[in-house]
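Listed in order, the protein sequences are those of chains A and B. This note's numbering puts the first residue of the first sequence at 1, with every later residue one more than the last. This note's numbering puts the first residue of the second sequence at 1001, with every later residue one more than the last. Beta carbons are placed, not taken as given, at the ideal position from N, Cα and C, and that holds for glycine. From a predicted model like this one, the values you see are computed outputs, not experimental measurements. Step one of this worksheet: look at the structure below.
2 protein chains.
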Amino acid sequence: MSKQGPVLTLTPVAAEACCTPLSSQAVSAEAAADLAPAFKALGDPVRLRLLSMIASADDGEICVCDLTPAFDLSGPTISHHLKSLREAGLIEGDRRGTWVWYRAVPEKLAALSALLNVGTFTAARAQ
Amino acid sequence: MSKQGPVLTLTPVAAEACCTPLSSQAVSAEAAADLAPAFKALGDPVRLRLLSMIASADDGEICVCDLTPAFDLSGPTISHHLKSLREAGLIEGDRRGTWVWYRAVPEKLAALSALLNVGTFTAARAQ
DNA sequence: TCCCTAGTTAGATGAATCTCAAAGCAGTGA
DNA sequence: TCACTGCTTTGAGATTCATCTAACTAGGGA
């Protein structure tokens, strides 16, 4: 690499291996390899809170400067977790002047939610 | 401890910090600490496949003897991953004679799915 | 009782992850 | 141009994790 990549390149890691619920059909090894990183990114309490703060932000986006003070962690550590979420395709961000703003990627969240959706499954077993 | 715990104790790790979508309200630090382990358990391709095989099994349950051959991994490794899923509250299992059978815990999957549910969020932003 | 199979537990090892301090880059304003 | 702030990247140390082999427990059948 030439020197150093741009700050906010959004690597589109996982293609949308979308939407067939886990419980109606077993996922392929490829789909699992594709989707697991997103769940892994959610598997840390700090990142889960970060994502929820971002996803529930008033205007659909939030400044890093509003995220960092909410945690008892250093700036670099928060930045590291935001990078994980970014690389998992769960959030995206861009710089505007001095500040960097992040917003959620609802399609990605929806895909994960759909995978875990057990509607038919639970219904079938409930009766 | 007396000697060695029972084989299949199902530790109910996370209380059901159920159901308010991530995008409508930020999760508390406690709820995040409660739910993150379940996502973490899903964050490995092998465990994701295991869970999906279990959740999509014909009779709602499946024998370990049917799971192990599907992977290029040793028995103990599969057992280790099943233990992770068990401790995350995603599956439960019991021994019947020679074999051990596992089934999914749909309530837990539903809780995770609900948390990621961005229905209102996406609808609000789509138009 | 003895042996065989199914599955788990224990222990070890290499890889990945979380965290921080220090350094670097980007933008603003004097 | 220079200094200042905001955020990211780098590099290092400590911890956690995935995987294996070896040993163990549980049950079935001769």
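Asked: Spatial distance of G97(A) from D66(A) (CA atoms); Found: 16 Å
Asked: Complete alpha helix (DSSP H) runs within the stretch 58-86 of chain A (minimum length 4 residues, chain order); Found: 64-67
Asked: Three-state secondary structure assigned by DSSP to A104(A); Found: strand
Asked: Residues near A55(A) in its chain [Cβ-Cβ closer than 6 Å; skip 5 each side]; Found: A104
Asked: Through-space distance from K108(A) to G89(A), alpha-carbon basis; Found: 7 Å
Asked: Counted within 10 angstroms of its Cβ, other Cβ atoms place P1076(B) as buried (16 or more) or exposed; Found: exposed
Asked: Inter-residue spacing [alpha-carbon to alpha-carbon] between W1101(B) and C1063(B); Found: 4 Å
Asked: Where D1034(B) sits in the DSSP three-state scheme; Found: helix
Asked: Cβ-based neighbour list, L50(A), same chain, cut-off 7 Å, excluding 5 preceding and 5 following; Found: L67, H81, L82, L85
Asked: Terminal residues of the alpha helix (DSSP H) in which S24(A) lies; Found: No alpha helix (DSSP H) contains S24(A), which DSSP labels as neither H nor E.
Asked: Boundaries of the alpha helix (DSSP H) in which L1048(B) is found, first to last residue; Found: 1045-1055
Asked: Proximal residues of chain B, C-beta to C-beta of D44(A) below 8 Å; Found: A1036, K1040
Asked: Straight-line gap, G43(A) to L1035(B) (C-alpha atoms, nearest Å); Found: 8 Å
Asked: Rounded separation between S1052(B) and V27(A) - CA only; Found: 6 Å
Asked: Below-8 Å beta-carbon distance, V27(A) vs any chain B residue; Found: yes
Asked: Min CB distance S1052(B) to chain A below 8 Å; Found: yes
Asked: Rounded straight-line distance, which links the Cα of D58(A) to that of E1061(B); Found: 43 Å
Asked: Cβ neighbour criterion (16 or more within 10 Å) applied to V1118(B); Found: buried
Asked: Bounding residues of the beta strand (DSSP E) (the contiguous stretch that carries G93(A)); Found: 91-96
Asked: Proximity test, Cβ basis, 8 Å: S1156(B) and chain A; Found: Nothing can be reported for residue 1156(B), as the shown portion of chain B is limited to 1001 through 1127.
Asked: Inter-residue CB distance, A38(A) and R47(A) (contact presumed, cutoff 8 Å); Found: Not a contact, Cβ separation roughly 11 Å.
Asked: Length of the line joining the Cα atoms of F71(A) and A1029(B); Found: 10 Å
Asked: Sequence-distant residues of its chain with Cβ nearer than 8 Å to L1115(B) (five each side left out); Found: C1019, T1020, P1021, L1022, V1027, L1035
Asked: Chain A residues whose Cβ lies nearer than 8 Å to that of S1056(B); Found: L22, S23, S24, Q25, A26
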